[in-house]
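Asks: Counted the way this note's numbering counts, the sequence shown spans residues 92 to 334. Below you will find the structure I want to go over with you.
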Amino acid sequence: MVKKLGIIKHSYAQPVVSALRKQTPDSSLRFELVQDVATRLVLKLLQDELDGAFLSPIEYAKHSSQLRIVNEICVASTGESGIIELHFRDDLRNIETLAINPEFTSEVILAKIILAEKFDISPQLVAVQSLTTDVIHKADSVLLVGDECVRWSDHANKLDLVDEWSDMTTMAYVHGFWVTKEGNLSKEPLQTLMTDAPYVDALQSRDVSYLLDANALSSIEEFYQMSYYHGILKEIPDLIMVE
92 MVKKLGIIKH SYAQPVVSAL RKQTPDSSLR FELVQDVATR LVLKLLQDEL DGAFLSPIEY
152 AKHSSQLRIV NEICVASTGE SGIIELHFRD DLRNIETLAI NPEFTSEVIL AKIILAEKFD
212 ISPQLVAVQS LTTDVIHKAD SVLLVGDECV RWSDHANKLD LVDEWSDMTT MAYVHGFWVT
272 KEGNLSKEPL QTLMTDAPYV DALQSRDVSY LLDANALSSI EEFYQMSYYH GILKEIPDLI
332 MVE
């Protein structure tokens, strides 16, 4: 039997699929990995094109009545992890515009929350197709996610939004977790990830955690509460696990 799982492309999420890439042909249950952005993965999951997907907190929240969290695996980071960054023009005095990739819905919402809560500003969002380095000349700031942060590593005028979230809440920021439609996928098939060597080694990282424990769940709930307070979510979703 083959199960289709959706995964985002960024390198920080790769430990959560490392074991699945090493399946043997004679495995009774095999996985086909489909790589895409979270906004499209959730649509494929809802249309039964996928059995499970690694989704951002907001993509789960939008469709929580139809979705279930599969297991105790996530990606969460704290401090200056270099996963979500806000870059500014060097001559900037005020932030009036923020260039974003609209596919990164959770990260855009995190930026809006941080800027409103800590700096009392609400810039106009400017959707762009490609976050090339010349974007910084078309907007006051630009939101970068995942591997894009590495490509901009030489640019010093920036704010690490995960570090700002940790400072504001004393919690890690959860980037994503495994989700399925009810009845599509049980938690047992993915439990092999919990004992895979690259995954276990990744758990030793100081900045990134891969366990969806009580602290991670509390951070997700805090993110939902702030999103609701700022009028982004119409209601606070329940975090429902696969039984």
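Positions of the beta carbon are idealized from the N, C-alpha and C atoms, including for glycine.
Using a Cβ-Cβ cutoff of less than 7 Å, which residues in the same chain neighbour Val-133 once the five nearest sequence positions on both sides are dropped?
Replies: Here residue 133 corresponds to residue number 42 of the sequence shown, with the count starting at 1. Answer for Val-133: Ala-144, Leu-146, Glu-150, His-154, listed in chain order.
Asks: So Trp-243 is in the beta strand (DSSP E); what residue range does that whole segment cover?
Replies: As a position in the sequence shown, residue 243 is number 152, starting the count at 1. Taken as a continuous stretch (DSSP letters only), Trp-243 belongs to no beta strand (DSSP E), as it is neither H nor E.
Asks: Do Gln-126 and Lys-100 have their beta-carbon atoms positioned less than 7 Å apart in this structure?
Replies: Translated into the one-based positions of the sequence shown, residue 100 becomes position 9. Translated into the one-based positions of the sequence shown, residue 126 becomes position 35. Closer than 7 Å, so yes.
Asks: How big is the Cα-Cα spacing for Asn-248 and Asp-231?
Replies: Position 157 of the sequence shown, counted from the first residue, corresponds to residue 248. Position 140 of the sequence shown, counted from the first residue, corresponds to residue 231. Whole-angstrom Cα-Cα distance: 12 Å.
Asks: I think Pro-328 touches Ala-104, with their Cβ atoms under 8 Å apart; what is that distance to the nearest whole Å?
Replies: Numbered from its first residue, the sequence shown carries residue 328 at position 237. Numbered from its first residue, the sequence shown carries residue 104 at position 13. Between Ala-104 and Pro-328 the Cβ distance is about 22 Å, and since that is not below 8 Å, they are no contact.
Asks: Let's test the definition: count the other Cβ atoms within 10 Å of the Cβ of Ser-310 and tell me whether it reaches 16, buried, or not, exposed.
Replies: The sequence position of residue 310 within the sequence shown is 219, counting from 1. Buried, by the Cβ-count rule.
Asks: If you run the structure through DSSP and keep just helix, strand and coil, what is Asp-251?
Replies: Along the sequence shown, read from residue 1 onward, the residue named residue 251 stands at position 160. The answer is strand: DSSP assigns Asp-251 an E or B state.
Asks: Under three-state DSSP, which class holds Val-333?
Replies: Here residue 333 is taken as the residue at index 242 of the sequence shown, counted from 1. Three-state DSSP puts Val-333 in coil, outside helix and strand.
Asks: Exposed or buried, Ala-288, counting other C-beta atoms within 10 Å across all chains shown (16 or more means buried)?
Replies: As a position in the sequence shown, residue 288 is number 197, starting the count at 1. In this prediction, Ala-288 has a pLDDT of 48, which is less than 50 and means its spatial position is unreliable; what the coordinates show is noted afterwards. Counting Cβ neighbours within 10 Å, Ala-288 comes out exposed, since fewer than 16 surround it.
Asks: Going by the DSSP bridge assignment, what does Trp-269 pair with across the sheet?
Replies: As a first step, residue 269 must be located in the sequence shown, where it is residue number 178. The partner list for Trp-269 (beta bridge, DSSP) reads Phe-145.
Asks: Quick check on DSSP: helix, strand or coil for Leu-324?
Replies: As a first step, residue 324 must be located in the sequence shown, where it is residue number 233. It is coil, neither helix nor strand.
Asks: Under 7 Å Cβ to Cβ from Asp-182, same chain only, skipping five residues before and after it: list those, please.
Replies: Within the sequence shown, residue 182 is the residue found at index 91, counting from 1. Cβ neighbours of Asp-182 beyond the five flanking positions: none.
Asks: So is Glu-123 buried or exposed if we call it buried at 16+ other beta carbons inside 10 Å?
Replies: The residue given as residue 123 occupies position 32 in the sequence shown. Classification for Glu-123: exposed.
Asks: Count the other CB atoms within 10 Å of the CB of Gly-267; is the residue buried (16 or more) or exposed (fewer)?
Replies: Against the sequence shown, residue 267 aligns to sequence position 176. That one is buried.
Asks: Among the candidates Val-333, Gly-173, Leu-111, whose CA atom is the shortest distance from the CA of Asp-238?
Replies: Position 147 of the sequence shown, counted from the first residue, corresponds to residue 238. Comparing Cα positions, the closest option is Gly-173.
Asks: Please say whether Ser-168 and Val-233 have beta carbons closer to each other than 7 Å?
Replies: Here residue 233 is taken as the residue at index 142 of the sequence shown, counted from 1. Here residue 168 is taken as the residue at index 77 of the sequence shown, counted from 1. No. Outside cutoff.
Asks: Counting pairs of beta carbons, one from the region 176 to 196 and one from the region 301 to 309, are three or more of them closer than 8 Å?
Replies: Contact fails: fewer than three Cβ-Cβ distances are below 8 Å.
Asks: Tell me where the alpha helix (DSSP H) around Ser-197 begins and ends.
Replies: Here the question's residue 197 lines up with position 106 in the sequence shown. Note, Ser-197: alpha helix (DSSP H), 196 to 210.
Asks: Thinking just about the alpha-carbon of each residue, which of Val-128, Phe-179, Asp-251, Arg-159 is nearest to the one in Glu-171?
Replies: The count along the sequence shown starts at 1 and reaches residue 171 at position 80. Closest option to Glu-171, Cα to Cα, is Asp-251.
Asks: By the three-class DSSP mapping on this structure, what secondary structure does Asn-185 have?
Replies: Your numbering for residue 185 matches position 94 in the sequence shown. In this structure, Asn-185 counts as coil in the three-state DSSP scheme.
Asks: Do Met-332 and Asp-160 count as a contact pair if the criterion is CB distance below 7 Å?
Replies: Here the question's residue 160 lines up with position 69 in the sequence shown. Here the question's residue 332 lines up with position 241 in the sequence shown. The sequence shown places Ile at residue 160, not Asp. Yes, these two residues count as a Cβ contact at 7 Å.
Asks: So His-178 and Trp-256 are supposed to be a Cβ contact under 8 Å. How far apart are they, rounded?
Replies: Within the sequence shown, numbered from 1, the residue matching residue 178 stands at position 87. Within the sequence shown, numbered from 1, the residue matching residue 256 stands at position 165. About 17 Å; that fails the 8 Å criterion.
Asks: Excluding the five sequence neighbours on either side, which residues of its own chain have a C-beta within less than 8 Å of the C-beta of Leu-213, listed in chain order?
Replies: By 1-based counting over the sequence shown, the position of residue 213 is 122. What sits at residue 213 in the sequence shown is Ser, not Leu. So the qualifying residues of the chain are Lys-203, Leu-206, Ala-207.
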